[in-house]
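Residue numbers (the numbering used here): 8 to 297.
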């Protein structure tokens, strides 16, 4: 076995520790309670879990409901502290900027419906970003920033690592709905206690609705330093059946892909001038998303 200073418990012990975790009552637990339990859990493993992810993404995407016309650029960054609810990577009144690595994921996250009107926001990175990768893809973790180094874990240690990796995925990505918002205490605590190193600009994690796609939660000070808003539009979702020359033949090989696509039309295009967004009517032309 490769010699290193990190030692996983045996798989059977990992399972015992996880089983103890399953019996905790998170509905009645405070943020501090969950933090303490997770710290005890990671201390019992005595291992390294963090996998860094360096990226200079060309584009990042976000969607916001359009309930009124917003003209201050601050409305398109993270929410103000007083309006920040508990989220997957944050607690109340500690906002982060949630974005996605592609333009499709936000539609699934927010469940946009036909005829919904919303803001479509595109960000670009001005410099390299460094995120904590909450659920690494690799089953053989290697030294961070040391490509080609030998595996850190082999044999039973690799099995233990895989069990723990799947545990993190399950706990972090628990579906949350009305009445179960308290489950975000787990995922936000994982960010703080297991992946909270100041060297990271934020957290990169799988989408709950599209597991092969990635979302990113960026710390506000890092977002304002490293990102810029490059485009903003007010768009509307158009049903496929209302689009001229749309494909309706169910036997057509492209019809499934066509029906799963997003048809959005731009109503207004925003132009950023200092801290102000000025809007121009665009007669419902195709959005920059298409």
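Glycine included, each C-beta is placed from N, C-alpha and C at the ideal position.
With DSSP collapsed to three states, give me the class of residue i.
i, result
"residue 227", "helix"
"residue 84", "coil"
"residue 245", "coil"
"residue 238", "strand"
"residue 52", "helix"
"residue 19", "helix"
"residue 221", "strand"
"residue 232", "helix"
"residue 44", "helix"
"residue 27", "helix"
"residue 39", "helix"
"residue 266", "Reliability fails at residue 266, whose pLDDT of 43 lies under 50, so the model's placement of it is uncertain and the value that follows must be treated cautiously. DSSP places residue 266 in helix when its eight states are reduced to three."
Name the two residues that bound the continuous beta strand (DSSP E) containing residue i.
i, result
"residue 69", "67-72"
"residue 135", "Looking at the DSSP string, residue 135 is not in any beta strand (DSSP E), and its letter there is neither H nor E."
"residue 271", "271-280"
"residue 203", "Segment: none, residue 203 is in no beta strand (DSSP E) and carries neither H nor E."
"residue 213", "209-213"
Taking residue i as part of the alpha helix (DSSP H), name the residues at either end of that continuous run.
i, result
"residue 200", "191-200"
"residue 162", "162-179"
Starting from the C-beta of residue i, find all residues in its chain whose C-beta is less than 8 Å away, skip the five residues before and the five after it, and write them out in chain order.
i, result
"residue 288", "274 and 275"
"residue 79", "282, 283 and 284"
"residue 67", "106, 107, 108, 129, 130, 131, 132, 223 and 234"
"residue 166", "18"
Ordered along the chain, which non-local residues of its own chain (more than five positions away) have a Cβ less than 7 Å from that of residue i?
i, result
"residue 163", "17 and 18"
"residue 182", "215"
"residue 41", "33, 192, 193 and 196"
"residue 74", "none"
"residue 259", "Caution is warranted here: a pLDDT of 43 is assigned to residue 259, below 50, making its placement in the model unreliable, and no coordinate value can be reported."
Using C-beta distances below 6 Å, list every residue in its chain close to residue i, excluding the 5 sequence neighbours before and after it, in chain order.
i, result
"residue 211", "60, 138, 140, 221 and 223"
"residue 194", "95 and 179"
"residue 240", "127, 273, 276 and 294"
"residue 151", "The predicted model places residue 151 with a pLDDT of 48, which falls under 50 and marks its position as unreliable; any figure quoted below should be read in that light. Answer for residue 151: 59, listed in chain order."
"residue 100", "88 and 91"
"residue 278", "285"
"residue 197", "179"
"residue 245", "270 and 272"
"residue 45", "196 and 200"
"residue 119", "244"
"residue 176", "142"
"residue 29", "none"
Whole-angstrom Cβ separation of residue i and residue j, contact assumed at under 8 Å?
i, j, result
"residue 233", "residue 172", "With a Cβ gap of about 28 Å, residue 233 and residue 172 do not count as contacting."
"residue 188", "residue 131", "32 Å between Cβ atoms; not a contact."
"residue 33", "residue 71", "The Cβ separation is near 29 Å, so there is no contact."
"residue 225", "residue 106", "7 Å"
"residue 113", "residue 69", "6 Å"
"residue 98", "residue 38", "5 Å"
"residue 25", "residue 51", "11 Å between Cβ atoms; not a contact."
"residue 230", "residue 85", "7 Å"
"residue 136", "residue 62", "5 Å"
"residue 227", "residue 104", "6 Å"
"residue 217", "residue 115", "5 Å"
"residue 83", "residue 236", "6 Å"
Counting only runs of 3+ residues fully inside the region 86-130, write out the beta strand (DSSP E) ranges in chain order.
104-107
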